[in-house]
Amino acid sequence: MGKVLGDVLGLAAGVAVSPLPIVAIILVLATPRGRLNGPLFAIGWLGGLSALGAVMLVIGGPAGASTHQQPATWVGGLKLALGVLLVLFGARQWRRRPADVSQAQLPKWMAAIDRFTPIKTFGLGLALSAANLKNAPLTLAAGASISSAGLPVGQQIASLAVFVLIGSLGILAPLGVFLLMGERAKNMLGTWRDWAVRHNTAVMAVLFFVLGLKLFGDGLGILIA
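Okay, here's the thing in structure tokens:
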């Protein structure tokens, strides 16, 4: 299990560094219903990562993700394909980065966050975790790594739980600061939000490249072995 955790912790850290979702939860917390909608956003985020990872675990068992305590060939192919996908996304993000970070803008849908109902806020957290172009491939890759390690079901679930927890730190940190500090947290969270807005595209591009190359290398290693 220790080896598996070593494999997935890097992927979890990549999920945790998600500038736009961090901006989204900070905006949610700044609304009049922040104390209700903030936790609902976090629950949706946790649920999205957990569900996507669980799907991969369920697929990996019957599909024979592990053969003789080694990852199956299809696991290597999956990681290699996900790695190529992330590198391509990284190239696209880098080309789209603003020349002046002070001119970086938020997506238009974020302007409506203060009007989101609790259900919409929960759905937003769910979508930003499970349907995110970076997080979805990383979560699938983590699920594939866990399912291909030949661990008992209990240890697989525990490994996925660790991945989800680490991958959620970027969301849970602003929520924790807000719940503990209340109004005093506004300046701190505002600083975090402004930094994430300015550097979102560059950060995402670098993460896509680095994590994509990691997955590509992992997949290639499995296929060659």
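Take 1292 as the starting number for the sequence shown in the working numbering and just add one per residue.
Note that the Cβ used here is the ideal one computed from N, Cα and C, for glycine as well.
Remember, predicted model here, so these are calculated numbers, not experimental data.
Status (buried if at least 16 other CB within 10 Å, exposed otherwise) for residue i
i               : result
valine 1314     : buried
glutamine 1396  : exposed
lysine 1399     : exposed
methionine 1495 : buried
threonine 1492  : buried
aspartate 1391  : exposed
alanine 1363    : buried
valine 1444     : exposed
threonine 1408  : exposed
leucine 1424    : exposed
proline 1389    : exposed
isoleucine 1410 : exposed
glycine 1510    : buried
glycine 1293    : exposed
glycine 1297    : exposed
glycine 1473    : exposed
Integer-rounded CB distance, given that residue j should sit under 8 Å from residue i
i              : j                  : result
valine 1349    : phenylalanine 1499 : So it is not a contact: roughly 27 Å between Cβ atoms.
leucine 1371   : leucine 1514       : 7 Å
threonine 1482 : isoleucine 1404    : About 19 Å separates the two Cβ atoms, so there is no contact after all.
alanine 1345   : leucine 1442       : In fact, because the Cβ distance is near 14 Å, the residues do not count as touching under 8 Å.
glycine 1416   : tryptophan 1336    : 4 Å
glutamine 1446 : serine 1438        : Wrong, their Cβ atoms sit about 11 Å apart, outside the cutoff.
proline 1310   : alanine 1487       : 4 Å
Cut-off 6 Å between Cβ atoms - residues of its own chain near residue i, not counting five sequence neighbours on either side
i               : result
isoleucine 1316 : Phe1332, Ile1462, Pro1465
leucine 1343    : Ala1421, Thr1430
tryptophan 1385 : Ala1496
alanine 1440    : Val1295
Neighbourhood of residue i by C-beta, 7 Å cutoff - its chain only, sequence neighbours within 5 removed
i              : result
leucine 1300   : Ile1457
alanine 1432   : Leu1302, Lys1370, Leu1373, Leu1506
alanine 1435   : Met1347, Gly1351, Ala1356, Val1366, Leu1369, Lys1370
glycine 1381   : Ala1496, Phe1499, Phe1500, Gly1503
threonine 1412 : Val1319, Asn1328, Leu1331, Phe1332
glycine 1338   : Leu1417
proline 1428   : Leu1373, Leu1376, Leu1377
8 Å Cβ shell around residue i - same chain, five flanking residues per side excluded
i             : result
arginine 1484 : Ile1313, Val1314, Ile1317, Leu1318
leucine 1340  : Val1306, Ser1420, Ala1421, Asn1426, Thr1430, Phe1454, Val1455, Gly1458, Ser1459
glycine 1325  : Val1319, Phe1469
valine 1375   : Gly1503, Phe1507
glycine 1512  : Gly1367
leucine 1334  : The question names leucine, but residue 1334 is isoleucine in the sequence shown. Hits under 8 Å: Phe1413, Gly1416.
arginine 1387 : Thr1492
(message) Would you call the region 1477-1497 in contact with the region 1324-1335, where contact means no fewer than 3 C-beta pairs closer than 8 Å?
(response) As far as the Cβ criterion goes, the region 1477-1497 does not touch the region 1324-1335, which means the pair count is below three.
(request) Could you tell me which uninterrupted alpha helix (DSSP H) segments, each at least 4 residues in length, are contained entirely in the region 1409-1482, listed from first to last along the chain? (result) List check, alpha helix (DSSP H) in window: 1409-1421, 1426-1438, 1444-1458, 1460-1472.
(message) Three or more C-beta pairs under 8 Å: does that hold for the region 1444-1459 against the region 1399-1414?
(response) Short answer: they don't touch.
(message) Would you call the region 1293-1312 in contact with the region 1404-1424, where contact means no fewer than 3 C-beta pairs closer than 8 Å?
(response) Contact between the region 1293-1312 and the region 1404-1424 is present, because at least three Cβ pairs lie under 8 Å.
(request) Could you pull out every unbroken alpha helix (DSSP H) segment of at least 4 residues lying fully inside the region 1307-1378, listed in chain order? (result) If we require 4 residues or more, the alpha helix (DSSP H) runs fully inside the region 1307-1378 come out as 1310-1320, 1325-1351.
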